[in-house]
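What follows is a single structure, written as structure tokens, with notes after it.
Protein chains in written order, with the working numbering: chain A, 1 to 266; chain B, 1001 to 1241; chain C, 2001 to 2249.
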């Protein structure tokens, strides 16, 4: 196997005081190899977003170490491009200027950055919508703008936090197919945080299953499905087997989450 | 804690600068009187029955003005917000008139209501009407349609819809409109009083200006600003609850 | 039906004017309180020529424009500063709110003594009355910037200056504009009000003079001009705001 570009080593993060606090992530260790697509999957409230913020360098004050290309991450790293769960397009910029944003920061000339941005706009299938503002687009289209914007920065590692969570099922599946296609084309190293089984199986080379609070690594599953994976893979028996197998793990963790919630309520 | 300390520092700095300016004699004499004179004038004003009489006059005008203007504004706002036809017919005119400085109507109001409190009440009422009407109208339109469907589902009458659904739902925009309305009504009334009147705070300010009693004028200004700020803060708090 | 509503509104307003004319003709409404609308219309042309309405209009507009510019250049940086420093914001935001509510115009004699009887004094009063809302709304707009947009900026490693220019400022823009609209409303009240009170300068003075001459029709015509001027002004603002809203969603 190739050299890992991203490693997460024994990361632990606690919120609050030692007496009254939650351990969001505990002793979390895994890595992502170059060109690999890895998903971290877990039930809601298991600390997935905390992990996302730690790897992205937006949350400090944790134990353990995150490295990129052997270099310890200390604040946002230029090699990592983040796609957020929430809607994060700039409402005051049209599609093309949203996507060109990272190039603008680097001082790329206007003509060149528009040309390069157009390339990524086309890649996510938004050709013809360059001049539209986010308010005129659907939720799925806006999320594609966010993805294109992050890709335009040409990050070594693409880090995504449930980018399709707010979308309906059909859009999610179609967008998922689009993302695998792009990922294969760019040989883009990608880490996806998600709670969706189908999404994880459809997209990943490996899946890290997370336990419910504190979030630990329960198991790492390798997905040996052929690529390219279009949306037709969703109906194949192998696909179903992976989903069923993962569901056994995930159900247990999700149940613990529900129990915890009930415990709090009583 | 830090905020209180910062405020204290700022207040002391402002007062020190004021005193230095007063002592420097740079400005025309008495325009910036020593704080000590202002404090004395404050004490005199607060002990003067004439102050309370005039404050009573202005407060009375203000209360009348905001009840008339506020009620009319709220009713107009409810009507415009709930009825699309009325809104399409008249709302643009309300919007056009809203930012117009209402003092321009004062000569007409003087003729219609006389030089006494009547013209000031009218002035304040007109000022208060617009912000309340606009705020309530947009508030009514922002009421979630599902709430209206709930009302219709229970076969509520128009009156019940107004009092049980629209009114509670527009509480916040109503209070916001009133807060703005109170402000412009106060300005309108005080302006009118300084122009032509025989009583009221505006009259007192002009009177102290004519006698060139600068400390007295500062004392009045301070008291008015404190009063208005208190009313405003109370309304803001009411809105938060 | 709904498409005819604006026409209906206009027709009823004209009808009200005609009804007023009738009521004055049969002496139900005194012509010494409200002049007949026909005379007011006739006076429009007269005062434009005799009372230099265009020059006055320009003067009041210039005063308002100057005040607006000063309000923006003072209010927006002040708002940024308050947003930036949390303890300062906690300490002084209530002061600014009190300032916004204070009827400062009452102090106009003081401003006259300090700055003289001139347009400058009027502009200063306009600025004093209109700056606080811009500060308040700027702080509000900045504070309401969505965390995820700031996170996008952080992940792309924006400098502090870039963060302000490219994210915080555009995010706060609609709120700043609302503040400007509010500030200009207060500013205009004070500018025209003081023109009227001290009989100096533009359109406010015109109304005062005509009223003092008991030229009723002229007074009402002048009121009409002020209505027109402030309508024009705020319609322009509204168009800018609508354009902003389209761009801002």
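Think of the CB as a built atom: it goes at the ideal place given N, C-alpha and C, for glycine as much as any other residue. Predicted, not measured: the structure shown is a model, and the values here were computed from it.
Residue nearest to residue 1169 of chain B in terms of C-alpha spacing, selected from B/1225, B/1199, B/1141, B/1186 = B/1141
Opening and closing residue of the alpha helix (DSSP H) in which residue 2080 of chain C lies | 2053-2084
Status (buried if at least 16 other CB within 10 Å, exposed otherwise) for residue 15 of chain A = exposed
CB contact flag (residue 1200 of chain B, residue 1045 of chain B, <8 Å) = no
In whole angstroms, what is the alpha-carbon distance linking residue 1030 of chain B and residue 2094 of chain C?
-> 30 Å
Indicate whether at least one CB of chain B lies closer than 8 Å to the CB of residue 2130 of chain C.
-> no
Residue 109 of chain A beta carbon less than 8 Å from that of residue 139 of chain A | no
Near-chain C residues of the stretch 1221-1235 of chain B - C-beta to any C-beta below 7 Å = 1221, 1224, 1225, 1228, 1229, 1232
Along chain A, in chain order, which residues have C-beta atoms closer than 8 Å to that of residue 2158 of chain C?
-> 105
Burial state of residue 1091 of chain B, where buried means 16 or more other Cβ atoms lie within 10 Å | The residue is buried, with at least 16 neighbouring Cβ atoms inside 10 Å.
Please check if any C-beta of chain C sits within less than 8 Å of the C-beta of residue 84 of chain A.
-> yes
With DSSP as the reference, label residue 1060 of chain B as helix, strand or coil.
-> If DSSP states are grouped into helix, strand and coil, residue 1060 of chain B belongs with the helices.
Mind listing the chain C neighbours of residue 1007 of chain B? Cutoff is C-beta to C-beta under 7 Å, in chain order.
-> 2091
For residue 1140 of chain B, return the contacting residues in chain C, with the cut-off set at a CB-CB distance below 9 Å.
-> The premise fails here: residue 1140 of chain B is roughly 17 Å from chain C at the closest Cβ pair, so nothing lies under 9 Å.
Looking at the C-beta of residue 2168 of chain C, does it have a partner C-beta in chain A at a distance below 8 Å?
-> The beta carbon of residue 2168 of chain C sits no closer than 8 Å to any beta carbon of chain A.
Would you say residue 153 of chain A faces chain C, with C-beta separation under 8 Å as the test?
-> Output row for residue 153 of chain A: interface = yes.
Would the beta-carbon of residue 2171 of chain C fall within 8 Å of that of residue 2149 of chain C?
-> yes
Does the distance from the CB of residue 6 of chain A to the CB of residue 68 of chain A come in under 8 Å?
-> yes
Have a look at residue 226 of chain A and residue 58 of chain A and give me their C-alpha separation to the nearest angstrom.
-> 35 Å
Do residue 175 of chain A and residue 144 of chain A have their CB atoms nearer than 8 Å?
-> yes
4 or more residues per run - each alpha helix (DSSP H) lying fully within the stretch 179-248 of chain A = 197-203
In the DSSP assignment, what are the bridge partners of residue 13 of chain A?
-> A/25, per the DSSP bridge assignment.
Since residue 116 of chain A and residue 104 of chain A are thought to touch, with beta carbons under 8 Å apart, how far apart are those beta carbons, to the nearest angstrom?
-> No, residue 116 of chain A and residue 104 of chain A are not in contact; Cβ-Cβ is about 11 Å, not under 8 Å.
Pull up the CB-CB distance for residue 52 of chain A and residue 161 of chain A, whole angstroms please, since I reckon it's below 8 Å.
-> With a Cβ gap of about 4 Å, residue 52 of chain A and residue 161 of chain A count as contacting.
CB contact below 8 Å: residue 247 of chain A versus chain C = No, residue 247 of chain A does not count as interfacial toward chain C.
CB of residue 2080 of chain C within 8 Å of CB of residue 2138 of chain C, strictly | Less than 8 Å separates the beta-carbon of residue 2080 of chain C from that of residue 2138 of chain C.
For residue 37 of chain A, the first and last residue of its enclosing beta strand (DSSP E) | DSSP places residue 37 of chain A in the uninterrupted beta strand (DSSP E) bounded by 37-41.
Which bits of chain A does residue 2180 of chain C rub up against, with CB to CB less than 7 Å?
-> Here the premise fails: no neighbours, minimum Cβ distance about 17 Å.
CB residue 158 of chain A to CB residue 41 of chain A, shorter than 8 Å?
-> no
Amino acids of chain B, ordered along the chain, whose beta-carbon sits closer than 9 Å to that of residue 2227 of chain C = 1096, 1097, 1100, 1104
Short CB-CB distance (under 8 Å) between residue 2185 of chain C and chain B | yes
Just the Cα atoms here: how many angstroms apart are residue 164 of chain A and residue 172 of chain A?
-> 6 Å
Closer than 9 Å at the beta carbon, the chain C residues around residue 1084 of chain B | Counting only Cβ-Cβ distances below 9 Å, residue 1084 of chain B has contacts in chain C at 2002, 2005, in chain order.
Is residue 141 of chain A helix, strand or coil by DSSP?
-> helix
Please list the partners that residue 2155 of chain C has in chain A, where partner means a Cβ-to-Cβ separation under 8 Å.
-> 56, 57, 58, 76, 80, 81, 82
Given that residue 1183 of chain B touches chain C, what residues does it touch there, using C-beta distances under 7 Å?
-> 2101
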